[in-house]
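For reference, the structure discussed in these notes is given below.
Numbering (this note's numbering), first residue to last: 4 to 232.
Below you can see the structure in the form of structure tokens.
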């Protein structure tokens, strides 16, 4: 997942960016409303950002103005308002301007992460028109982030879930390492790293081990493929 963080307090921006990166996501930062608006517009054209985290009070262009202009321009990227304004009418104003969620400062990063991931998940489900993916006896619940195979629930970490989701989006097709780096890791890692091999191995142990047949196949010199038999 790729985020646009529009926040003028450096310590808050760094906290969010570092936390998101540790959770496997990547971020672009903007310290004022004008730059945030420009990045959001450019990101809309290239489908770059999954979620925007937008501070309410910003220099050059207020966060409320940023959001109003984005929505008028038909930019519907899920947006979470982050603000010290905690009165009910402030929240209502933000939500009516087109915000998808509103979190007040100070906040717990774990809550911000959960809200952002839920927004991204809902957006993706809306775009694909589905809330569940299936392949043979394997089921992915995209809303609740749950996985079942042959009726057994399988516990996956966030990155493992995203990896499996991408493989299933391309079921019966070869997915290259470059594709995985771009779509799952968003080039946060050196292409020579073994991070993909490590995560594929962990994923295999969880969704293949102990079941009737393996679903994830390594295509030597090409990449990976998931299929049902």
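Just so you know, even glycine gets a beta-carbon here, dropped at the ideal spot from N, CA and C.
Counting along the chain, where does the beta strand (DSSP E) carrying residue i start and finish?
i           : result
residue 86  : 82-86
residue 4   : It is not in any beta strand (DSSP E) - residue 4 carries neither H nor E in the DSSP assignment.
residue 152 : 149-152
Assuming residue i contacts residue j (C-beta within less than 8 Å), just tell me the rounded distance between them.
i           : j           : result
residue 86  : residue 58  : 7 Å
residue 152 : residue 163 : That pair is no contact at about 13 Å.
residue 54  : residue 80  : 7 Å
residue 148 : residue 124 : 7 Å
Do residue i and residue j have their C-beta atoms closer together than 8 Å?
i           : j           : result
residue 111 : residue 78  : no
residue 204 : residue 218 : no
residue 67  : residue 100 : yes
residue 135 : residue 143 : yes
residue 11  : residue 61  : yes
residue 177 : residue 228 : yes
residue 37  : residue 63  : yes
residue 52  : residue 5   : yes
residue 161 : residue 26  : yes
residue 46  : residue 7   : yes
residue 169 : residue 184 : no
residue 223 : residue 199 : no
residue 206 : residue 145 : no
residue 165 : residue 187 : yes
Note down, in chain order, each residue of its chain lying with its Cβ closer than 8 Å to the Cβ of residue i, except the 5 sequence neighbours on either side.
i           : result
residue 102 : 57, 70, 82, 83 and 84
residue 138 : 171, 174, 218, 229, 230 and 231
residue 220 : 227, 228, 229 and 230
Which residue comes first and which comes last in the alpha helix (DSSP H) that contains residue i?
i           : result
residue 232 : Note, residue 232: premise wrong, no alpha helix (DSSP H); not H, not E.
residue 219 : Here residue 219 belongs to no alpha helix (DSSP H); instead the beta strand (DSSP E) covers 219-222.
residue 202 : 198-210
residue 140 : Looking at the DSSP string, residue 140 is not in any alpha helix (DSSP H), and its letter there is neither H nor E.
residue 11  : Looking at the DSSP string, residue 11 is not in any alpha helix (DSSP H), and its letter there is neither H nor E.
Answer yes or no: the CB of residue i versus the heavy atoms of the ligand ZN, is any distance below 7 Å?
i           : result
residue 227 : Of the ligands one can find in the structure shown there are none, so the ligand ZN has no counterpart to examine.
Between which residues of its own chain and residue i is the CB-CB distance below 7 Å, once the five residues before and five after are set aside?
i           : result
residue 98  : 105
residue 214 : 152 and 153
residue 22  : 112 and 116
Spatial neighbours of residue i within its chain, please: C-beta separation below 6 Å, excluding the five flanking residues on both sides.
i           : result
residue 159 : 150
May I have a chain-ordered list of the alpha helix (DSSP H) segments no shorter than 4 residues that lie completely inside the region 155-187?
-> 161-172 and 180-186
Kindly provide the ranges of any alpha helix (DSSP H) runs that are 4 or more residues long and lie completely inside the region 30-109, ordered along the chain.
-> 36-49, 66-75 and 91-99
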